[in-house]
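Okay, structure first, notes after.
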Amino acid sequence: RYGDVHLDAGYRLDLLVNRTVIVEVKAVATLRPIHETQLMTYLRLSGCPVGLLINFNVTRLRDGIRRRALTS
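Structure representation (structure tokens):
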């Protein structure tokens with residue numbers, strides 16, 4: 001439970017920024033399609049328009065950041 005939002009399906013997002021951006025944090029050798037699918041699922045369930053998938057297991061952090069947005 002977070003405020004008035006209740007996710008009872010076992011979904012746990014890493015960070016919710018200002019109720020508009022979901023940040024999903026990873027530390028893996030390579031980001032896989034399942035990681036992007038997970039982020040997109042969180043976006044759809046929460047109604048947040050934008051999400052960031054950040055992998056900290058990279059030499060340059062900017063190489064580990066992927067931005068995804070819901071399209072209408």
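This note's numbering applies: residue 1 is where the sequence shown begins, and numbers increase by one.
Just so it is clear, CB atoms sit at the ideal spot from N, CA and C, and this is done for glycine as well.
The continuous stretches of beta strand (DSSP E) do not include residue 31, and DSSP gives it neither H nor E.
Looking at the DSSP output, residue 51 shares a beta bridge with 22 and 68.
A Cβ-Cβ separation of about 15 Å leaves residue 14 out of contact with residue 5 under the 8 Å criterion. Going by DSSP, residue 15 is part of the beta strand (DSSP E) stretching over 15-17. When DSSP states are grouped into helix, strand and coil, residue 60 belongs to the coil group.
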